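S.K.:
There are 2 protein chains.
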Amino acid sequence: MDTQSSRRQATRTKLYEAAVTLIAEQGFSATTVDEIAERAGVAKGTVYYNFKSKTELFEELLRHGVGLLTESLRSAADETAARGGTRVEALDAMIRAGLVFIDRYPAFTQLYVAELWRTNRAWQSTLLVVRQEAVAVVETVLREGVAGGELSDEIDIPLTAAALVGMVLVAALDWQAFQRERSIDDVHAALSRLLHGRVSGR
Amino acid sequence: MDTQSSRRQATRTKLYEAAVTLIAEQGFSATTVDEIAERAGVAKGTVYYNFKSKTELFEELLRHGVGLLTESLRSAADETAARGGTRVEALDAMIRAGLVFIDRYPAFTQLYVAELWRTNRAWQSTLLVVRQEAVAVVETVLREGVAGGELSDEIDIPLTAAALVGMVLVAALDWQAFQRERSIDDVHAALSRLLHGRVSGR
DNA sequence: GTTTTTGAACTGACTGGTCAGTGCAAAGGA
DNA sequence: TCCTTTGCACTGACCAGTCAGTTCAAAAAC
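Chains as they are written, first to last, in my numbering: chain A, 228 to 429; chain B, 228 to 429.
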């Protein structure tokens, strides 16, 4: 990477960081380009030198963030498999990876959830693609678990994957928003218990 | 109820219905008061005759919608208790009630999720109150289950409640957005299986 | 029973302000 | 020399909220 493109990359990163917190707090439309530029410590013109439009900046931000998440889920699953863990252990490791991600990038997560189920928005198709990549990682592990007899073959793979993702997402956002004092281990333990069906019975 | 106030109520209801779908699709800031008025078939002035501001219209909409949900969860729990069901059965009934609600008011649910974890917004405090009412219903049933020995006393009640709500919310929104063809029974069965820990094992 | 009055509900043109995006000359950096 | 960034003025569209005026059902007056 030459110095020019890395300089440019640094500017883009500053813009992502500024945009992600502002948009998470206020929403896309309520956040102005002037605000983003100011928080990034950059001139407004620079925003338009680096991105075609406010919408394009946002779409690239989405792609970038979900890319990180997908990567992190995938590597949690792979590492578990590499050291000979079961698929349920892999799911558990992915839950933890999800929590770590949300802990590190809470603003991105907020923004993602806020936009995911909207219809009729410019970036709808971007979002659909990017969501599918992340969910697919979970579905793959479920499918392998069923194939290997470790998971019941009666489970509904897409629905169960969505439910697991939702469980982690919502518990983690609640943790961040309303019970900051809890440790990541507490949250992980509670979710792990649900995954393993150790809720009912004593 | 006299004709005047029922006429007024009808206008407010039309405005709620118009606002909820538009805001679910586009978000609060991207939705204009002119659009809301137009879709409701009233003049813009009428919006301001009935509500102090765009924000107030939205806050009342939130209160109204979450009120319906809370009511519906509570009555599912109560009916189960009335016919002598267990607490786990009550949770199962509440999952179904949640799904029925989301099926009936998908737009409201979208909008609620999109706004819930935002910080620094005008209606933040309204939302906090209203969320707590709904989550409390789930927490109560969990607490009763633990007290009666039906649920493990090691579960973390607030986190488990949040995780269950998240599971239902996300699975249902995914169902609505990406797999409309599935029946409510399919979705319920998948979530019920997770609740009962019938995922791993064959 | 008919006319008049009242006032709540509603209307829609208008205002003041905001904001995305542009244009451009000059500066800084490799 | 070329790429990147700055600073800033400007435009045109858009939008929340206002307000003077209209409608009309029901109460009051006769």
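Think of the CB as a built atom: it goes at the ideal place given N, C-alpha and C, for glycine as much as any other residue. Just so you know, these numbers come straight off a predicted model, no measurement behind them.
Determine, using beta carbons only, whether residue 387(A) comes closer than 8 Å to chain B.
M.R.: Indexing the first sequence from 1 puts residue 387(A) at position 160. Output row for residue 387(A): interface = yes.
S.K.: Report the three-state DSSP secondary structure of residue 256(B) (helix, strand or coil).
M.R.: Looking up residue 256(B) in the second sequence gives position 29. Coil at residue 256(B), not helix or strand.
S.K.: Nearest to residue 329(B) by CA position, among 398(B), 252(B), 256(B), 242(B), is which residue?
M.R.: Taking the second sequence and counting its residues from 1, the one referred to as residue 329(B) is at position 102. Among 398(B), 252(B), 256(B), 242(B), the Cα nearest to that of residue 329(B) belongs to 398(B).
S.K.: Counting only beta-carbon atoms, is residue 228(A) nearer than 8 Å to chain B?
M.R.: By 1-based counting over the first sequence, the position of residue 228(A) is 1. Confidence in residue 228(A) is poor, its pLDDT being 49 and thus under 50, which makes the residue's placement too unreliable to answer from.
S.K.: For residue 233(A), name the three-state secondary structure that DSSP assigns.
M.R.: As a first step, residue 233(A) is located in the first sequence; it is residue number 6 there, counting from the start. Note: residue 233(A) maps to helix in three-state DSSP.
S.K.: Given a threshold of 16 other Cβ atoms within 10 Å of its Cβ, counted over all protein chains shown, does residue 254(A) qualify as buried or as exposed?
M.R.: As a working mapping, residue 254(A) is identified with position 27 in the first sequence. With 16 or more other Cβ atoms within 10 Å, it is buried.
S.K.: Roughly how many angstroms lie between the CA atoms of residue 334(B) and residue 342(B), to the nearest whole one?
M.R.: Here residue 334(B) refers to the residue found at position 107 when the second sequence is read from its first residue. Here residue 342(B) refers to the residue found at position 115 when the second sequence is read from its first residue. The straight-line gap from Cα to Cα measures roughly 13 Å.
S.K.: Going by CA-CA distance only, name the one from 235(B), 285(B), 280(B) that's closest to residue 245(B).
M.R.: Sequence index remark: in the second sequence, residue 245(B) carries index 18 (1-based). It is 285(B) whose Cα lies nearest to the Cα of residue 245(B).
S.K.: Out of 291(B), 279(B), 271(B), which one is the CA nearest neighbour of residue 243(B)?
M.R.: Residue 243(B) sits at position 16 when you count from the first residue of the second sequence. Nearest C-alpha to residue 243(B) among 291(B), 279(B), 271(B): 291(B).
S.K.: Please tell me whether residue 252(B) has its Cβ less than 8 Å away from any Cβ of chain A.
M.R.: For the purposes of this step, residue 252(B) is taken as the residue at position 25 of the second sequence. For residue 252(B), the answer is yes, since a Cβ of chain A falls inside 8 Å of its Cβ.
S.K.: Should residue 311(A) be listed as close to the ligand GDP, given that the test is whether its C-beta is under 7 Å from any heavy atom?
M.R.: Although the ligand GDP was asked about, the structure shown includes no ligands whatsoever.
S.K.: Indicate whether at least one CB of chain A lies closer than 8 Å to the CB of residue 382(B).
M.R.: Counting from one through the second sequence, the residue named residue 382(B) turns up at place 155. By this cut-off, residue 382(B) is an interface position.
S.K.: Suppose only complete runs of 4+ residues qualify. What are the alpha helix (DSSP H) ranges in the stretch 285-331 of chain B, listed by chain order?
M.R.: 314-331
S.K.: Taking buried to mean at least 16 other C-beta atoms within 10 Å of its own C-beta, is residue 358(A) buried or exposed?
M.R.: Mapped onto the first sequence, residue 358(A) falls at position 131. Result: buried.
S.K.: Using beta-carbon positions only, say whether residue 324(B) and residue 362(B) come within less than 8 Å of one another.
M.R.: By 1-based counting over the second sequence, the position of residue 324(B) is 97. By 1-based counting over the second sequence, the position of residue 362(B) is 135. Contact flag unset, no.
S.K.: Alpha carbon to alpha carbon, what distance is there between residue 344(A) and residue 350(A)?
M.R.: For this step, residue 350(A) is matched to residue 123 along the first sequence. For this step, residue 344(A) is matched to residue 117 along the first sequence. Cα-Cα distance, rounded: 11 Å.
S.K.: Using a Cβ-Cβ cut-off of 8 Å, state whether residue 379(B) counts as contacting chain A.
M.R.: On the second sequence, position 152 is the one that residue 379(B) refers to. Closer than 8 Å to some Cβ of chain A, the Cβ of residue 379(B) qualifies, so yes.
S.K.: Could you tell me the alpha carbon to alpha carbon distance between residue 411(B) and residue 307(B), rounded to whole angstroms?
M.R.: For the purposes of this step, residue 411(B) is taken as the residue at position 184 of the second sequence. For the purposes of this step, residue 307(B) is taken as the residue at position 80 of the second sequence. Rounded to whole angstroms, residue 411(B) to residue 307(B) spans 20 Å at the Cα level.
S.K.: Taking only beta-carbon positions, decide if residue 410(A) is within less than 8 Å of chain B.
M.R.: Reading the first sequence from its first residue, position 183 is the one you call residue 410(A). Not closer than 8 Å to any Cβ of chain B, the Cβ of residue 410(A) fails to qualify, so no.
S.K.: Hey, is the stretch 400-419 of chain B in contact with the stretch 377-388 of chain B, meaning 3+ C-beta pairs nearer than 8 Å?
M.R.: no
S.K.: Under three-state DSSP, which class holds residue 427(A)?
M.R.: The sequence position of residue 427(A) within the first sequence is 200, counting from 1. Here residue 427(A) sits in strand by DSSP.
S.K.: Report the residues of the stretch 394-410 of chain B with a CB closer than 9 Å to any CB of chain A, ordered along the chain.
M.R.: 394, 395, 396, 397, 398, 399, 400, 401, 402, 403, 404, 405, 406, 409
S.K.: Taking Cβ positions only, does residue 255(B) come closer than 8 Å to chain A?
M.R.: Against the second sequence, residue 255(B) aligns to sequence position 28. So yes, residue 255(B) belongs to the interface.
S.K.: Which residue wins for smallest C-alpha separation from residue 417(A), given the options 326(A), 369(A), 346(A), 376(A)?
M.R.: The residue given as residue 417(A) occupies position 190 in the first sequence. Of 326(A), 369(A), 346(A), 376(A), the residue nearest in Cα terms is 326(A).
S.K.: According to the neighbour-count rule (16 or more other Cβ atoms, all chains shown, within 10 Å of its Cβ), is residue 420(B) buried or exposed?
M.R.: Start at 1 with the first residue of the second sequence, and residue 420(B) comes out as number 193. Burial of residue 420(B) is indicated by the presence of at least 16 other C-beta atoms within 10 angstroms of its C-beta.
S.K.: If we ignore side chains and look at the alpha-carbon of each, how far apart do residue 353(A) and residue 370(A) end up?
M.R.: Position 126 of the first sequence, counted from the first residue, corresponds to residue 353(A). Position 143 of the first sequence, counted from the first residue, corresponds to residue 370(A). About 26 Å.
S.K.: Taking beta-carbon pairs under 9 Å, can you tell me which members of the stretch 340-354 of chain B lie near chain A?
M.R.: 340, 341, 342, 343, 344, 345, 346, 347, 348
S.K.: Pull up the distance between the alpha-carbon of residue 301(A) and that of residue 319(A), whole angstroms please.
M.R.: If you number the first sequence from 1, residue 301(A) lands on position 74. If you number the first sequence from 1, residue 319(A) lands on position 92. If I take the Cα positions, the gap works out to 13 Å.
S.K.: Please list the partners that residue 413(B) has in chain A, where partner means a Cβ-to-Cβ separation under 9 Å.
M.R.: On the second sequence, residue 413(B) is found 186 positions in, with the first residue counted as 1. Result: 383, 386.
S.K.: Where are the beta strand (DSSP E) runs, 3 residues long or more, that stay fully inside the stretch 344-380 of chain A, in chain order?
M.R.: none
S.K.: May I ask which residues mark the beginning and end of the alpha helix (DSSP H) holding residue 270(A)?
M.R.: In the first sequence, the residue the question calls residue 270(A) occupies position 43. Note, residue 270(A): premise wrong, no alpha helix (DSSP H); not H, not E.
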